[in-house]
Amino acid sequence: MSTTELTKDNFDEVVADDGFVLIDFWADWCGPCRQFAPVYEAAAERHTDLTFAKVDTEAQQELAAAFEVQSIPTLAIVRDRIVVFSQPGALPEAVLEDLIGQARGLDMDEVRQSASASPEDAQEQNAQSEGGGGAQPGQ
């Protein structure tokens with residue numbers, strides 16, 4: 000499967016219809032974007048069950064702003080309408096494959112629960128999971 004051009008007009012449809020979407024934010028003038036393009040296209044051919052989308056940041060500035068894209072290329076992964084990864088940089092093929100595997104392995108019930116928790120709840124949960132239990136040293 001090839002990549003899908005993602006725009007503000009088709010965004011909701013693409014992301015709603017497909018539970019697992021990788022998004023490459025790019026521009027014609029960007030050298031690293033051109034280097035990453037064949038890696039991204041090859042991954043799209045290997046993972047035909049996933050949606051690989053591309054956003055031209057020059058033509059779709061609102062969409063790039065919504066994802067807070069500061070530099071390109073930026074890769075974002077959306078699962079079940081939740082952004083589970085977003086990072087700038089042209090990834091090597093092995094790193095992209097590992098990232099796809101990690102995203103496939105996510106427990107989306109846990110991700111949804113974490114996403115709906117307040118920042119205070121998340122901090123407390125992190126402190127407890129790190130063995131700190133939320134207590135300050137010396138108390």
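For the sequence shown, counting from 1, position 50 maps to 49 in numbering that gives the first Met the number 0; every step adds exactly one.
Positions of the beta carbon are idealized from the N, C-alpha and C atoms, including for glycine.
Source: prediction; values computed, not measured.
Any 3 or more C-beta pairs closer than 8 Å across the segment 18-32 and the segment 71-91: yes
Whether Thr50 touches Ile71 by CB criterion (8 Å): In the sequence shown, residue 50 corresponds to position 51, counting from 1. In the sequence shown, residue 71 corresponds to position 72, counting from 1. Taking 8 Å as the Cβ cut-off, Thr50 and Ile71 do not qualify as a contacting pair.
Alpha carbon of Gln86 to alpha carbon of Ile99, nearest angstrom: In the sequence shown, residue 86 corresponds to position 87, counting from 1. In the sequence shown, residue 99 corresponds to position 100, counting from 1. Cα to Cα, Gln86 sits roughly 13 Å from Ile99.
Within 8 Å, strictly: CB atoms of Ala93 and Phe35: Residue 93 sits at position 94 when you count from the first residue of the sequence shown. Residue 35 sits at position 36 when you count from the first residue of the sequence shown. Against a cut-off of 8 Å, the Cβ pair of Phe35 and Ala93 comes out as no contact.
Where Ser113 sits in the DSSP three-state scheme: Here residue 113 refers to the residue found at position 114 of the sequence shown. Helix at Ser113.
Secondary structure of Leu21, DSSP reduced to three states: Numbered from its first residue, the sequence shown carries residue 21 at position 22. It is a strand residue.
Distance, Trp25 Cα to Asn9 Cα: Walking along the sequence shown from the start, residue 9 turns up at place 10. Walking along the sequence shown from the start, residue 25 turns up at place 26. Cα to Cα, Asn9 sits roughly 17 Å from Trp25.
Span separating the alpha-carbon of Ser115 from that of Leu105: Position 116 of the sequence shown, counting from 1, holds the residue named residue 115. Position 106 of the sequence shown, counting from 1, holds the residue named residue 105. Going by the C-alpha atoms only, they are around 16 Å apart.
Beta-carbon proximity list for Val82, same chain, < 8 Å, skipping 5 on both sides: In the sequence shown, the residue the question calls residue 82 occupies position 83. Phe66, Ala75, Ile76, listed in sequence order.
Unbroken stretches of the beta strand (DSSP E), 3 residues or longer, contained in the segment 67-92: 73-78, 81-87
Beta strand (DSSP E) segment containing Ala52, residue limits: Position 53 of the sequence shown, counting from 1, holds the residue named residue 52. 50-55 is the span of the beta strand (DSSP E), which, as asked, contains Ala52.
Unbroken alpha helix (DSSP H) run spanning Ala58, endpoints: Residue mapping note: residue 58 aligns to position 59 of the sequence shown, counting from 1. Taken as a continuous stretch (DSSP letters only), Ala58 belongs to no alpha helix (DSSP H), as it is neither H nor E.
Nonlocal neighbours in the same chain, by C-beta distance under 8 Å from Ala59, ignoring five residues either side: Here residue 59 is taken as the residue at index 60 of the sequence shown, counted from 1. Per the sequence shown, the amino acid found at residue 59 is Gln instead of Ala. Hits under 8 Å: Leu5, Thr6, Lys7.
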